[in-house]
Ligand code: HEC
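Numbering (the numbering used here), first residue to last: 31 to 225.
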């Protein structure tokens with residue numbers, strides 16, 4: 031009896047050792063997904079906080095430059111140091127840096143389809159795992175919806191104040207990011223991270 035137990039203990043041990051030797055393909059675990067959700071949420075919240083605070087203290091005109099600089103700085107900070115990149119993308123981009131790549135375009139199309147069939151919800155998100163130079167990376171996108179405070183800079187052109195309009199024209203001569211209404215799909219937060 032003792033022998034049987036130790037034999038089976040040995041085989042379990044061997045099984046574990048053999049298992050450790052193999053390099054498992056990285057998996058998109060629930061833990062990783064939750065991390066991505068938190069990253070996207072915190073990024074959008076920090077942007078919105080800076081934006082709203084600036085609009086309240088110094089007005090919308092001042093908020094234009096704060097918003098654009100902060101967006102790019104936040105994006106770069108998250109990106110380089112943490113081995114991840116996080117940014118905002120849109121088909122109708124204001125800054126050409128925010129033009130979607132192939133994966134992002136696929137996700138935005140998917141969000142648009144959901145939106146037009148009334149199925150886009152709070153929990154909508156998009157995942158993909160891509161191979162970059164032999165390394166598996168997760169791509170994660172989360173929709174961004176237009177709310178009331180956005181309209182002063184992204185609403186109908188005739189409703190955007192002349193001062194804001196002139197800054198936008200100067201800084202973004204090819205601005206595509208106007209003409210939006212409340213609840214429109216504005217774009218998405220996009221994260222890429224090694225698995
Ligand atoms: C004070 C003006 C202002 C307000 C208000 C504003 N934005 Fe923007 N938004 C900008 C500017 C400027 C950019 C370009 C940022 C850059 O250079 O990356 C931008 C860019 C974006 C982008 C990135 C895609 C693109 O067009 O380049 C998204 C998405 C976006 N805004 C969403 C929103 C949402 C959602 C709100 C409301 C919660 C909002 N914005 C409110 C000025 C504003």
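Ideal placement from N, C-alpha and C gives every residue a C-beta, glycine not left out.
query                                                                                                           : result
Residue from 166, 162, 142, 163 whose Cα sits closest to the Cα of residue 156                                  : 142
Element boundaries [alpha helix (DSSP H), containing residue 67]                                                : 60-88
Whole-number beta carbon distance between residue 219 and residue 90, since they are thought to touch under 8 Å : Actually they do not touch by this definition, with Cβ atoms about 23 Å apart.
Limits of the beta strand (DSSP E) - the one that residue 4 falls within                                        : The question about residue 4 has no answer here: the residues shown for the chain are numbered 31 through 225.
Endpoints, alpha helix (DSSP H) assigned at residue 166                                                         : Note, residue 166: premise wrong, no alpha helix (DSSP H); beta strand (DSSP E) at 165-175.
DSSP bridge partner residues for residue 156 (one or two, in chain order)                                       : 171
Member of 158, 128, 124 whose CA lies at the smallest distance from the CA of residue 140                       : 158
Residue 164 versus residue 124: straight-line alpha-carbon distance, rounded                                    : 33 Å
Endpoints, alpha helix (DSSP H) assigned at residue 196                                                         : 192-201
Between the CA atoms of residue 76 and residue 186 - distance to the nearest angstrom                           : 26 Å
Beta carbon of residue 66 nearer than 8 Å to that of residue 162                                                : no
Cβ-Cβ distance between residue 181 and residue 189 below 8 Å                                                    : yes
Backbone secondary structure at residue 99 - three-state DSSP                                                   : helix
beta-carbon residue 85 near ligand 1 non-hydrogen atom, thresh 7 Å                                              : yes
Sequence-distant residues of its chain with Cβ nearer than 7 Å to residue 213 (five each side left out)         : 175, 176
Same chain, Cβ closer than 6 Å to residue 223, neighbours up to 5 away in sequence not counted                  : 114, 168
Beta-carbon spacing of residue 171, residue 56 below 8 Å                                                        : no
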